[in-house]
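The structure under discussion appears below in the form of structure tokens.
Number of protein chains: 2
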Amino acid sequence: MFESASLPHVMTKTEFEDAEARLREKLLDAQFEVADRKNAAVMVLVNGADGVGKGEIVNRLYDWLDDHFVETLSYGRPTDEERARPGAWRYWRDVPAKGRIGLVLGSWHHRLLRNRALGRLGRSAYEKALEESIRAEEMLRHEGVHLLKIWLHMDFAESRRRLKKLRQGNGALRRPAVVEWDEFDSARDIAKLAEAALEMIERTSTGDAPWAVVPAADPLYRDAAVGDLLLQTLTRAATDAPPSPRTLAIAAPANDLPKPSLVGALDLTQAADPASYSQELRALQQRLTEATTAKSFDSRGLVIVFEGNDAAGKGGAIRRVREALDPRRFRVHGVSAPTDEERARPYLWRFWRNVPRRGDVAIFDRSWYGRVLVERVEGFAATEDWMRAYQEINDFERELHDNGYVVMKFWLAISADEQLRRFQDREAKPFKRYKLTPEDWRNREKWALYEAAMTDMVDRTSSRHAPWTLVEANDKKFARLKTLKTIVDRLGTNGKA
Amino acid sequence: MFESASLPHVMTKTEFEDAEARLREKLLDAQFEVADRKNAAVMVLVNGADGVGKGEIVNRLYDWLDDHFVETLSYGRPTDEERARPGAWRYWRDVPAKGRIGLVLGSWHHRLLRNRALGRLGRSAYEKALEESIRAEEMLRHEGVHLLKIWLHMDFAESRRRLKKLRQGNGALRRPAVVEWDEFDSARDIAKLAEAALEMIERTSTGDAPWAVVPAADPLYRDAAVGDLLLQTLTRAATDAPPSPRTLAIAAPANDLPKPSLVGALDLTQAADPASYSQELRALQQRLTEATTAKSFDSRGLVIVFEGNDAAGKGGAIRRVREALDPRRFRVHGVSAPTDEERARPYLWRFWRNVPRRGDVAIFDRSWYGRVLVERVEGFAATEDWMRAYQEINDFERELHDNGYVVMKFWLAISADEQLRRFQDREAKPFKRYKLTPEDWRNREKWALYEAAMTDMVDRTSSRHAPWTLVEANDKKFARLKTLKTIVDRLGTNGKA
Chain H
211 MFESASLPHV
221 MTKTEFEDAE
231 ARLREKLLDA
241 QFEVADRKNA
251 AVMVLVNGAD
261 GVGKGEIVNR
271 LYDWLDDHFV
281 ETLSYGRPTD
291 EERARPGAWR
301 YWRDVPAKGR
311 IGLVLGSWHH
321 RLLRNRALGR
331 LGRSAYEKAL
341 EESIRAEEML
351 RHEGVHLLKI
361 WLHMDFAESR
371 RRLKKLRQGN
381 GALRRPAVVE
391 WDEFDSARDI
401 AKLAEAALEM
411 IERTSTGDAP
421 WAVVPAADPL
431 YRDAAVGDLL
441 LQTLTRAATD
451 APPSPRTLAI
461 AAPANDLPKP
471 SLVGALDLTQ
481 AADPASYSQE
491 LRALQQRLTE
501 ATTAKSFDSR
511 GLVIVFEGND
521 AAGKGGAIRR
531 VREALDPRRF
541 RVHGVSAPTD
551 EERARPYLWR
561 FWRNVPRRGD
571 VAIFDRSWYG
581 RVLVERVEGF
591 AATEDWMRAY
601 QEINDFEREL
611 HDNGYVVMKF
621 WLAISADEQL
631 RRFQDREAKP
641 FKRYKLTPED
651 WRNREKWALY
661 EAAMTDMVDR
671 TSSRHAPWTL
681 VEANDKKFAR
691 LKTLKTIVDR
701 LGTNGKA
Chain P
211 MFESASLPHV
221 MTKTEFEDAE
231 ARLREKLLDA
241 QFEVADRKNA
251 AVMVLVNGAD
261 GVGKGEIVNR
271 LYDWLDDHFV
281 ETLSYGRPTD
291 EERARPGAWR
301 YWRDVPAKGR
311 IGLVLGSWHH
321 RLLRNRALGR
331 LGRSAYEKAL
341 EESIRAEEML
351 RHEGVHLLKI
361 WLHMDFAESR
371 RRLKKLRQGN
381 GALRRPAVVE
391 WDEFDSARDI
401 AKLAEAALEM
411 IERTSTGDAP
421 WAVVPAADPL
431 YRDAAVGDLL
441 LQTLTRAATD
451 APPSPRTLAI
461 AAPANDLPKP
471 SLVGALDLTQ
481 AADPASYSQE
491 LRALQQRLTE
501 ATTAKSFDSR
511 GLVIVFEGND
521 AAGKGGAIRR
531 VREALDPRRF
541 RVHGVSAPTD
551 EERARPYLWR
561 FWRNVPRRGD
571 VAIFDRSWYG
581 RVLVERVEGF
591 AATEDWMRAY
601 QEINDFEREL
611 HDNGYVVMKF
621 WLAISADEQL
631 RRFQDREAKP
641 FKRYKLTPED
651 WRNREKWALY
661 EAAMTDMVDR
671 TSSRHAPWTL
681 VEANDKKFAR
691 LKTLKTIVDR
701 LGTNGKA
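Chains as they are written, first to last, in the numbering used here: chain H, 211 to 707; chain P, 211 to 707.
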């Protein structure tokens, strides 16, 4: 990996100045193209040993670029707001908007590498984490975020010697420097670190996001090389060639073969006993209150998704859940038109924003499944985009599950006749009228398409860590009891499905 | 304050149901009006003793309203990200967007009251904090955020008895309840709390944001009363009557009297000695590095504002500061067009977002002063809006200062001739061309207006806690040295001006 990088790479001052003059103009042109088109964002991940010039590179890029569209994203010890959520949350929080450039110090690779070299991550956990980062980077690339992953190469031991020279008698630094590996001191520690770094670079160099290993012994060569790499990245981002859509794999029989509907298999005549309903409801709510206010819940968290036909009773079911929760520790998220800050970032960003702290509850009244339901049916998303969404959603939910959250998803199903009855009822009642829009009538005409999309969705995203529960909802009371019971039962097994 | 609220207020079930039927429809109508017009936000502050139904009120409002435009904002112990910033930051962070309703549990009043009753805030600090909250609420009102401050009234001792009944044998709650005052147990503690609450309600009931004291012994009356108050608030927010602009006070002689210009009084011929410039620059940068990497800086933080004429050299001055900083601990914020999330909130919100953690440095390349400079000169802001901005800005900066931050503001001044020379130079150099826009030429024609606005700005916002430094910038090197020297000198005195 580092073979040629270990050979001398040097530039004279004149050579550098020539290169710089050429670079600056082109970099600015490319940057403005990206800023104007707002089709893509760029993240420059600056990694490497200490003393190798990570900070100098950042400063140099600020000088070369228009710094109004550049931001530094740096990650040290996680804050408690970060620790209270999945590990990926803090990186998601900062994804730069399209048109902008993020300079990243202490990227996710740094954290992985550190934990591995310190022996905190075993072999298989390390490999799993590397795989996950590859998939996350692939998702970013598909969503218009171009990564430039730079490894500034210098022997770790040599870099330590350089760093030492930067320190004054009292240990203070003469110039600012990005010190990330201070705890690796002995030759043995450093060898471990170098070994883990090599492996990480091997394993996470993908076609979508390869590592660029830059020889860093000579600062002039180093800066010119990074500038050149960034220019290439910006140029590609400006023309925003999305990864060419692969020919889609075939995973289902042709459309004209009969496809049984999951909803068709439900017994929608099921109903709650009106006589015992209130009592059962109160008992289930009390169990939910106890489960979510127990000390042990502080390290968990609950993410509940409600999807279903229009007028299936999502609001009423959510209300019965909500009533049992501490109002300070839940939040209901409806889906509304994305803001421009959301549109400028990957699709899942708007949902990552709302991942609750551990110990809290987030209820999504419609959710990230919009992409494979309404966006698919209405043609708002291209086929390759909603096709890849299944895996991205599974990754997202697995991340939540692996971090202690209980993830539950409910599909509230009613028959077409029952829906018609409810629409008419809504038209008649003043304070329900606002719930009915012309769109609801239009959606109704696409009943079969939504049913097919829903069947695919459940087939592809009902996972062990985040199963779908189909709820027969022609009888509202039955639906509410079943929803609540499913939640408290799953919490009772500590979220294991 | 509580005289009439202590009398019995009760409603029969029938009375309540009549009232509710009327309320629900009107609440929804008013809410949709607010949501559609997006002119105003509403915050409902739910305060009062425990066991008095704070959580029940929140649930009731979710039922009555369309919950897609409602969010609960609740505040307990500050997180470390919150503690790392001024106390007001966490409330700013959550201000609901226009069109939305926030239900607030544990508002800033709660925290004040608690600290006062626990004896952590002395008399004068408490009164100062109350005054600050009044001014912040006034600002919110001017910016289209309508506050409904509800105090659910019940005797604290009675409320404790009610809460006890809610607990099971093992201490767990039978139903969720908002418990905020658990540490106040003895009769003496409770008396202190009641006394402090009374004073707070007296002192912070203003014309813009009065407290509504709601008798809470009867849940039906309580809910109907809150619903009615909210309906009034929503109706007012829907018609969005901004507080009638008071006749502006006269604070300056008439415009046709000669007004000396602050810039006119500067000696712009000052220049750095080219022979010693590099050495002086390096020495100052090293002092800045030392000051900002010292342990003691971790509890401070630095906020630097750069304003000045176009082409005055802000970018170059910022660069010399930046080079001396740890790239992980500073951020440069340019001003660009506000996003829709920013436009939906009070003016200062976009800057509060960027208040750095303590120990970090934020550099603003143009800033919140836009309101009293470009927005005033170009007529983008109404006179009463930029007139009140001076005080709001002073409050903002004082808040930063009181929380340990060093706030510094630089005006880089060049002569009109020097500007012309630099514009022409920019036109000639390829990688500087992007810095010159037609707007720069237009601004240049309004030189005198900008100079007057700048003079007013410095007169009104150069405070002891956040002084302006005027920098003679015809010679770029002189300007860079003066800027750096001012910063390191002020840091050397621990930020005392």
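The C-beta atom is built at its ideal place from N, Cα and C for all residues, glycine as well. All figures in this text were calculated on a predicted structure; none of them were measured in a lab.
Euclidean distance between Cα positions of residue i and residue j
i      : j      : result
P/M253 : P/H356 : 6 Å
H/S625 : P/R270 : 30 Å
H/G544 : H/I573 : 9 Å
H/D450 : H/L255 : 19 Å
H/A231 : P/E637 : 17 Å
H/V424 : H/L358 : 12 Å
H/S506 : H/R497 : 14 Å
H/A521 : H/L233 : 59 Å
H/T696 : H/A599 : 26 Å
P/L441 : P/R398 : 38 Å
P/G474 : P/N519 : 14 Å
P/R700 : P/L535 : 16 Å
P/K639 : H/W274 : 14 Å
P/Y557 : H/V513 : 34 Å
H/V305 : P/A434 : 45 Å
P/R568 : H/L694 : 44 Å
P/Y272 : H/W651 : 26 Å
H/A485 : P/T443 : 40 Å
H/R538 : H/E602 : 30 Å
P/G589 : P/V668 : 20 Å
P/E533 : P/A240 : 54 Å
Same chain, Cβ closer than 6 Å to residue i, five either side skipped, listed in chain order
i      : result
P/A591 : R581 and E585
P/K706 : Since pLDDT at P/K706 reaches only 48, below the 50 mark, its modelled position is unreliable, and no value is offered.
H/L331 : N325
P/H675 : R608 and H611
P/L350 : none
P/A251 : P306, K308, R310 and V355
Assumed close pair residue i, residue j - CB separation to whole angstroms, cut-off 8 Å
i      : j      : result
H/K469 : H/T665 : 7 Å
H/M347 : H/A448 : Here the sequence assigns Glu to residue 347 of chain H, which means Met is not the residue at that position. Contact doesn't hold; Cβ gap of about 20 Å is too wide.
P/E517 : P/Y579 : 5 Å
Cβ-based neighbour list, residue i, same chain, cut-off 8 Å, excluding 5 preceding and 5 following
i      : result
P/K692 : T679, V681 and E682
P/P296 : V565, E609, L610, D612, N613 and Y615
H/M618 : L512, V513, I514, V515, A676, P677, T679, T696, I697 and R700
P/T503 : D536
P/I400 : F366, A367, R370 and F394
Residues near residue i in its chain [Cβ-Cβ closer than 7 Å; skip 5 each side]
i      : result
H/G263 : L362, A426, P429 and R432
H/L383 : L376 and R377
H/R385 : L376
H/E628 : N684
P/R643 : R636 and E637
H/V314 : M253, V254, L255, V256 and L283
*Give, in chain order, every unbroken run of the beta strand (DSSP E) that is at least 3 residues long and sits entirely within the segment 556–631 of chain P.*
571–575 and 616–623
*Would you mind listing the beta strand (DSSP E) stretches within the segment 349–410 of chain P that are 3+ residues and don't spill past its ends, in chain order?*
Fully enclosed beta strand (DSSP E) runs of 3 or longer: 355–363.
_Count Cβ pairs between the segment 683–690 of chain P and the segment 469–488 of chain P that sit closer than 8 Å; are there 3 or more?_
Touching, yes.
*asked:* Is it the case that the segment 559–567 of chain H contacts the segment 631–645 of chain H, given that we only count it when at least three CB pairs across the two stretches are under 8 Å?
replied: no
*For the segment 252–288 of chain H, which segments carrying the beta strand (DSSP E) assignment without a break, of at least 3 residues, lie completely within its bounds, in sequence order?*
The qualifying runs are 280–284.
*Mind pulling the alpha helix (DSSP H) runs of 4 or more residues that sit fully within the segment 519–554 of chain H?*
524–532 and 550–553
*asked:* Check whether the segment 364–373 of chain H and the segment 239–253 of chain H touch, using three or more Cβ-Cβ pairs below 8 Å as the test.
replied: no
*May I have a chain-ordered list of the beta strand (DSSP E) segments no shorter than 3 residues that lie completely inside the segment 285–349 of chain P?*
311–315
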